[in-house]
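When the sequence shown is numbered by UniProt numbering, its final residue is 216 and no position is left out of the sequence of numbers. Positions of the beta carbon are idealized from the N, C-alpha and C atoms, including for glycine. The block underneath contains the structure these notes are about, expressed in structure tokens.
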Amino acid sequence: MAIAMKADQRNVSTKGELRELRQQGKVPGIVYGKLLNASALVAIDEKELQGLLRSHPNAVLEIEIGTQGKHSVMISDVQRDSLSRQLLHVDFHQVNMNENVRANVRIEAGGDSEGVREGGILQVILHELEVQCLPGDIPESITVDIATLGVGESLLVRDLQLPQGVEAKTEPEMVVVTVLAPQKELSEEEREDAAVELAEAESRSKEAQLEDLKTI
1 MAIAMKADQR NVSTKGELRE LRQQGKVPGI VYGKLLNASA LVAIDEKELQ
51 GLLRSHPNAV LEIEIGTQGK HSVMISDVQR DSLSRQLLHV DFHQVNMNEN
101 VRANVRIEAG GDSEGVREGG ILQVILHELE VQCLPGDIPE SITVDIATLG
151 VGESLLVRDL QLPQGVEAKT EPEMVVVTVL APQKELSEEE REDAAVELAE
201 AESRSKEAQL EDLKTI
């Protein structure tokens, strides 16, 4: 179900007017979409937007845009001040509820790992998964069952159990989570090998994420 969000229409503004808008607790934004007569300039309540980004960043929103009526949209980009982290601007894109979209979904580790019980160290490599599905089927998060994961074992993207209708678009061989051997039981050479293995896994994850961004 789409989350209703109020949006005030606004006109093209100068930098000074945009600054004043933000001081009033509003975030300037724009809505793009094929079904819109033209891209719509809007202003969103900052507290409402902050709460949405914390709890449902991938949610389908229902925004009423003045004379253009209600439209289903998703957040496509958020700009923040590099120092204060204040929200500066937000982009929305219109979605067709009957057409697939791509979204990044938070990954959560669930269960009591066998390897951790034996003293291993749980290392989450991938914190978000890019998926493709209908807008109404986007999960809030994806739980990775680590109960059977032993020391030295890993779960890959291809091992994930996804909801029906949800397809992973991230590289299938990317490491999601792994259990490292206890450092105190490793020799110096083994510690070096473990560090290299972890660094390589993280590097593969970052490279795959960059490739995914290039193909969007």
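Residue state for V124 is assigned as strand, using DSSP reduced to three classes. Where K47 is concerned, the enclosing alpha helix (DSSP H) starts and stops at E46 to S55. For E108, the enclosing beta strand (DSSP E) stretches over residues V101 to G110. For H127, the closest C-alpha among the options I107, G152 and G51 is that of I107. For E20, the enclosing alpha helix (DSSP H) begins and ends at K15 to Q23. Ranked by how close their Cα comes to the Cα of S113, the residues I75, K70, L49 and L155 have L155 in first place. Note that the C-beta distance between N58 and E140 is below 9 Å. Inclusion of G136 and F92 in the CB contact set at 9 Å is not warranted, their separation being larger than that value. Among the bridge pairs identified by DSSP, D77 is matched with D91. Using a 10 angstroms sphere on the CB of I3, the tally of other CB atoms stays under 16, which defines it as exposed. I63 has M5 and H71 as its beta-bridge partners, per DSSP.
L83 sits exposed, since fewer than 16 C-beta atoms from the chains shown fall within 10 Å of its C-beta. Nearest to V124 by alpha-carbon distance, out of V144, Q132, I138 and L21, is V144. Rounded to the nearest whole angstrom, the CA to CA distance from R117 to L162 is 26 Å.
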